Each structure stands twice: as structure tokens, then as C-alpha cells.
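Q: For what it's worth, the working numbering labels the leading residue of the sequence shown as 42, then goes sequentially.
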Amino acid sequence: MFYKDIPNGKTYLDTDGRHIQAHGGQIQRMSFFDEEAGSTVTKWIWVGEDKTNGAHGGIRAYSSDDLLNWKYEGIIMRNITSREALDTDPYFTKLYEGKNAEELDHIYECINSTTAIIERPKLIYNRKTGMYVLWFHADGPTKESNSSYAAASAGVAVSSSPFGPLKFIDRYRLNVCPDDQEVFFPKSRGMARDMNLFIDDDDTAYIIYSSEENLTLYISKLNDEYTYLATEPKDAVYGTDFIRLFPGAQREAPALFKRKDKYYLITSGCTGWAPNQARYYMADSVMGEWKNMGDPCIFDFNHTTFESQSTCVFNACIDDTGAERYIYLGDRWNSKKLSESSYLFLDIRFMDDNSMKIAYQERGLADGN
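Listed below in C-alpha cells is the structure:
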């Protein structure tokens with residue numbers, strides 16, 4: 042199958058003719074060493090959830106030269122099917138060589154294929170360390186609760202290649218509400234669920250995530266390696282290391298990006314798999330004041346973000362002229378069969394006042410849009 046544009050909201054196949062499984066994911070331009078070419082190449086990389094078997098399929102990666110036709114590159118982080126596999130499967134024994142039994146037990150708890158939930162994977166490259174760093178919503182039961190979403194944590198894994206294998210480091214609770222502010226879920230602090238990543242022009246990286254039982258968004262600064270917070274939660278300084286956004290507003294699916302000197306954040310409401318009305322915000326700095334700009338979608342008469350949920354925004358132009366073509370990537374979830382969920386690629390139009398508008402298109406990335 043060769044595509045000249047993207048079939049928005051319909052089945053989208055990879056170059057092998059299989060449905061693309063990259064849900065809740067991210068597209069970006071990345072350079073990596075290609076063994077077949079014997080040199081460093083630059084391609085578009087798309088990572089996301091494999092929903093073939095529901096919530097436990099691991100994370101897949103695809104590559105493309107044109108943003109239209111995607112080659113399947115494999116599962117870059119596998120779920121673990123049994124605790125025994127960590128001791129017997131060469132894939133895992135090599136990856137986690139040197140780990141003791143207690144550490145392996147913890148790894149199994151966090152990314153097993155039965156109870157662990159892995160969602161919203163986002164991959165970034167660290168120019169300082171030369172490593173590819175993946176963050177994701179890591180959830181599942183805990184010793185205190187059997188709920189599927191009890192852990193409410195952010196997981197992190199690393200690899201020397203965007204195509205893995207990714208080595209799981211740990212999962213963490215993150216920043217907590219300052220004592221002088223109203224917290225909306227005091228019983229369980231530091232929650233992290235729907236999340237995204239953003240690297241600013243100075244290479245500072247941030248994690249953006251839903252917290253306080255999805256009632257409040259947070260933005261937290263990462264360390265130089267992008268593998269943990271810049272400052273331990275107990276020592277974090279509000280306004281420098283993290284901020285809370287829109288307390289009590291129930292926003293999730295954050296997609297943060299920068300255009301010129303403005304920062305934008307597209308979000309959705311919290312209605313499970315059902316689509317809802319998008320809302321976006323604009324700021325002059327990541328840790329600054331974010332202004333509510335309302336719904337970016339036009340002619341979206343049902344107020345459902347064209348039946349989608351935001352997952353990322355990227356600039357599809359790759360030249361050095363400063364040209365831009367910002368694309369909204371959204372998931373159109375099929376709650377009855379998640380593996381058949383589809384995607385929307387929609388152009389974002391910017392107005393003279395820096396506000397944005399998104400209109401529906403039957404064909405994504407079509408010439409002339």
C-alpha cells in the first residue's frame with residue numbers, strides 16, 4: 042500500500058499492509074545510525090501503544106521518509122509475559138543483566154503483560170548523553186489497592202536506539218501540590234497519568250501530566266539526563282521546578298509545543314474513551330502564566346474535537362527556511378475494539394494574533410491543505 046495522503050479516521054496501514062498500532066503516541070524527526078545504510082540517517086519516527094491485545098501489547102515504533110508511508114520497526118519495549126521470562130528469555134536477561142531478584146520482581150510488577158498498564162508513550166533524544174529516553178503513563182495494582190489505576194505513575198526507559206530495546210528504569214510518582222494551594226485529591230499525592238514531553242530550545246526537557254485524580258495538570262522540569270525530575274519532589278520549588286495548571290478543570294491528553302516565541306498546550310476533557318471538546322492554552326514561557334484560549338476546532342458542531350483526542354503536535358516542514366506546517370495528531374478511539382482505533386492528522390492554522398484554528402480534513406497531509 043502506497044499513500045499520497047492520510048485516510049483520516051479510517052484504517053491506516055503500514056508498508057507491510059498491517060494496521061498501524063501507535064496509539065496515544067508521538068511523531069517527530071530523529072537521527073539514528075542505520076545498520077543497513079552504514080551511516081546516520083534522519084527519518085520521521087512514530088512511537089505509540091500496540092492495542093492488538095488491548096492494554097498489554099507493548100510499545101511499537103515506525104519510521105517514514107515522507108510522513109505518509111510507515112515502515113514497522115518492531116516492538117521497542119516489550120511487556121513481560123511471566124516473571125520466569127526475566128531469568129530465562131535472552132531478550133530480558135541481556136537487557137537486565139546484573140539486576141538482583143528483588144529488582145527483577147519490581148520490573149515485572151511495572152511492565153508485565155497481565156496487570157501493568159502502559160499508555161501515552163513519548164520518546165525524546167538527549168543530545169548530552171546520546172540516549173533515547175521514553176516516558177509513559179505506568180499504572181496497575183499496588184500492594185495497597187487492586188485497582189487497575191492505583192499506581193498512577195510515570196515510567197521511564199532508555200535505549201541507544203529509537204527502535205530499542207528499551208531498558209525500563211523505574212516508575213515514579215511526581216510533584217505534589219504546595220501546602221499553600223488547594224489540592225483536589227489529598228489522599229494520593231504525586232499522581233501521573235496522561236502525559237507528554239517537551240524539549241525547549243535550550244535543551245531543557247519537561248514532562249506534562251494529569252495529576253490529582255485527573256483534576257489538575259502539572260508541568261515538571263526533568264534532569265539533564267531526562268530520566269527523572271530535575272529536583273526531588275520534597276525539595277522542588279514551585280514556579281521553578283514545576284507548576285500546576287488549571288486546578289480542578291479536569292484536563293488530560295496534553296500536547297505542548299512551541300511556535301516562534303509562543304508556547305501552546307492542547308488538552309481534552311476527561312470522559313474515558315468518549316471524545317469531548319478540546320481546549321487550548323497559550324503562554325510566553327513554559328513555567329509562566331497560561332491563558333485559556335478556548336476550543337481551537339472550527340465547524341466541530343458536536344464539540345468532540347472531530348471525534349478525537351489530542352496526542353501530539355509536530356511541525357511537518359523539515360527545511361531550514363523557517364517554513365512551518367504544524368499538524369495536530371489525534372486518536373479516534375474505538376472503545377469496543379481498541380486495536381481498530383484510528384488517527385487524525387489535521388493542519389493547524391495560526392492567526393495574526395497567534396491564536397489557532399483546526400478544521401476537519403478528510404485527507405491528512407494532502408497537497409494544498
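Glycine included, C-beta positions come from ideal geometry on N, C-alpha and C.
Just so it is clear, the structure is predicted and the values come from calculations on it, not from any experiment.
1. Which runs of the beta strand (DSSP E) at least 3 residues long sit entirely within the segment 225 to 307? Give them in chain order.
2. Could you pull out every unbroken beta strand (DSSP E) segment of at least 3 residues lying fully inside the segment 82 to 128, listed in chain order?
3. Give every residue of the same chain whose Cβ lies closer than 7 Å to the Cβ of Q350, excluding the five residues on either side of it in the sequence, and list them in chain order.
4. Quick check on Y149: does DSSP put it in helix, strand or coil?
5. I'd like the span of the alpha helix (DSSP H) that includes F133, first residue to last.
6. Residue ranges of each beta strand (DSSP E) run of no fewer than 3 residues wholly in the segment 318 to 373, ordered along the chain?
7. Would you mind reading off the limits of the beta strand (DSSP E) that contains K163?
8. Once DSSP output is grouped into helix, strand and coil, what is the label at L379?
9. Say whether the segment 188 to 197 touches the segment 210 to 227, bearing in mind that this needs 3 or more beta-carbon pairs closer than 8 Å, one atom from each stretch.
10. Which residues in the same chain have their Cβ closer than 7 Å to the Cβ of D57, if we skip the five residues on either side of it in sequence?
11. What residues match up with M397 in a beta bridge as DSSP calls it?
12. Would you give the residue range spanned by the beta strand (DSSP E) that G65 belongs to?
13. Rounded to whole angstroms, how far is the Cβ of L258 from the Cβ of I248, which I believe are closer than 8 Å?
14. Considering only their Cβ atoms, is the gap separating G99 from D91 smaller than 8 Å?
15. Could you spell out where the beta strand (DSSP E) holding V217 opens and where it closes?
16. Please list, in chain order, all residues of the same chain as K208 whose beta carbon is under 8 Å from its beta carbon, the five residues on each side excluded.
17. Along the chain, where does the beta strand (DSSP E) that runs through S200 open and close?
18. Can you find the residues in the same chain that come closer than 8 Å, C-beta to C-beta, to N410, ignoring five residues on each side of it along the sequence?
19. Nearest to S380 by alpha carbon, out of Y44, G50, H64 and S229?
20. Can you list, in chain order, the residues of its chain with a C-beta nearer than 6 Å to that of T83? Leave out the 5 residues immediately preceding and following it.
21. Beta-carbon within less than 8 Å of D394's beta-carbon, same chain only, minus the 5 sequence neighbours each way: which residues are those?
22. What are the boundary residues of the beta strand (DSSP E) that includes A191?
23. For D221, report the span of its beta strand (DSSP E) as first-last.
24. Among the residues of its own chain, which have a CB less than 6 Å from the CB of R230, if the five just before and after it don't count?
25. If you check the beta carbons only, do H178 and R119 fall under 8 Å apart?
26. Within this structure, are the beta carbons of Q67 and V88 separated by less than 8 Å?
27. Starting from the Cα of L263, find the closest Cα among I368, F342, W176 and S252 and give me that residue.
28. Could you tell me the alpha carbon to alpha carbon distance between L385 and F347, rounded to whole angstroms?
29. So, D46 versus A407, is the Cβ gap smaller than 8 Å?
30. Would you mind working out which of T245, S396, A357 and F133 sits nearest S123, comparing C-alpha positions?
31. Thinking C-alpha only, which one of K303, D341 and N110 is nearest M323?
32. So, for P274: in the same chain, excluding its five sequence neighbours on each side, which residues have a beta-carbon less than 7 Å away from its beta-carbon?
33. Return yes when the Cβ of M236 is within less than 8 Å of the Cβ of K163, no when it is not.
34. Would you give the residue range spanned by the beta strand (DSSP E) that H178 belongs to?
35. Is it a yes or a no for the segment 355 to 364 touching the segment 325 to 342, going by three-plus beta-carbon pairs under 8 Å?
A: Let's see:
1. Taken in chain order, the unbroken stretches of beta strand (DSSP E) that lie wholly in the segment 225 to 307 and span 3 residues or more are 236 to 240, 246 to 252, 257 to 262, 283 to 286 and 293 to 300.
2. The segment 82 to 128 contains these whole beta strand (DSSP E) runs: 100 to 105 and 112 to 118.
3. Translated into positions along the sequence shown, residue 350 becomes position 309. Correct list, in chain order: A294, S309, P316, G371, D372 and W374.
4. Taking the sequence shown and counting its residues from 1, the one referred to as residue 149 is at position 108. In the structure shown, Y149 sits in a helix (DSSP, three-state: H, G or I).
5. On the sequence shown, position 92 is the one that residue 133 refers to. Note, F133: alpha helix (DSSP H), P131 to L136.
6. 320 to 324, 332 to 335, 350 to 356 and 367 to 373
7. Here residue 163 refers to the residue found at position 122 of the sequence shown. It spans I158 to N167 - the beta strand (DSSP E) in which K163 sits, taken as one unbroken run.
8. Position 338 of the sequence shown, counted from the first residue, corresponds to residue 379. Reduced to three states, the DSSP call for L379 is helix.
9. yes
10. Stepping through the sequence shown from its first residue, residue 57 is reached at position 16. Y113, listed in sequence order.
11. The residue given as residue 397 occupies position 356 in the sequence shown. Per DSSP, F391.
12. Here the question's residue 65 lines up with position 24 in the sequence shown. Residues H64 to D75.
13. Within the sequence shown, numbered from 1, the residue matching residue 258 stands at position 217. Within the sequence shown, numbered from 1, the residue matching residue 248 stands at position 207. Rounded, the Cβ-Cβ distance is 11 Å, inconsistent with contact.
14. Position 50 of the sequence shown, counted from the first residue, corresponds to residue 91. Position 58 of the sequence shown, counted from the first residue, corresponds to residue 99. The answer is yes: Cβ separation under 8 Å.
15. Taking the sequence shown and counting its residues from 1, the one referred to as residue 217 is at position 176. Premise fails: V217 is in no beta strand (DSSP E) and is neither H nor E.
16. What you label residue 208 is simply residue 167 of the sequence shown in a count that begins at 1. Result list for K208: L136, Y137, A198, V199 and S200, in chain order.
17. The sequence position of residue 200 within the sequence shown is 159, counting from 1. Residues S194 to S200.
18. Translated into positions along the sequence shown, residue 410 becomes position 369. Interpretation of N410 is limited by its pLDDT of 48, a score under 50 that renders its predicted location unreliable; the figure taken from the coordinates is listed afterwards. Around N410: D388, Q402 and R404.
19. Numbered from 1 along the sequence shown, position 339 holds the residue referred to as residue 380. Among Y44, G50, H64 and S229, the Cα nearest to that of S380 belongs to H64.
20. As a position in the sequence shown, residue 83 is number 42, starting the count at 1. Answer for T83: S72, listed in chain order.
21. The count along the sequence shown starts at 1 and reaches residue 394 at position 353. Taken in chain order, the list of residues that qualify is empty.
22. Taking the sequence shown and counting its residues from 1, one reaches residue 191 at position 150. No residue range can be given for A191, since it is assigned to no beta strand (DSSP E) and is classified by DSSP as neither H nor E.
23. Locating residue 221 in the sequence shown gives position 180, counting from the first residue. Unbroken run through D221: none, as it is neither H nor E.
24. The count along the sequence shown starts at 1 and reaches residue 230 at position 189. Excluding positions up to five away in sequence, the list reads V217.
25. Numbered from its first residue, the sequence shown carries residue 178 at position 137. Numbered from its first residue, the sequence shown carries residue 119 at position 78. Result no, Cβ atoms of H178 and R119 do not sit closer than 8 Å.
26. Here residue 67 is taken as the residue at index 26 of the sequence shown, counted from 1. Here residue 88 is taken as the residue at index 47 of the sequence shown, counted from 1. The answer is yes: Cβ separation under 8 Å.
27. Here residue 263 is taken as the residue at index 222 of the sequence shown, counted from 1. For L263, the nearest C-alpha among the options comes from W176.
28. Locating residue 385 in the sequence shown gives position 344, counting from the first residue. Locating residue 347 in the sequence shown gives position 306, counting from the first residue. If you take the alpha carbons of L385 and F347, they lie about 9 Å apart.
29. Indexing the sequence shown from 1 puts residue 46 at position 5. Indexing the sequence shown from 1 puts residue 407 at position 366. Yes.
30. Translated into the one-based positions of the sequence shown, residue 123 becomes position 82. Looking at the Cα atoms, F133 is the closest of the given residues.
31. Numbered from its first residue, the sequence shown carries residue 323 at position 282. Cα-wise, what sits closest to M323 is K303.
32. The residue labelled residue 274 in the question sits at position 233 within the sequence shown. Counting only Cβ-Cβ distances below 7 Å, and skipping sequence neighbours, we find L215, N216, V217 and G231.
33. Taking the first residue of the sequence shown as position 1, residue 163 is located at position 122. Taking the first residue of the sequence shown as position 1, residue 236 is located at position 195. Their beta carbons are under 8 Å apart, which means K163 touches M236 by this criterion.
34. In the sequence shown, counting from the first residue as 1, residue 178 sits at position 137. Unbroken beta strand (DSSP E) run through H178: M172 to D180.
35. Taking 8 Å as the limit for Cβ pairs, the verdict is that the segment 325 to 342 does not touch the segment 355 to 364.
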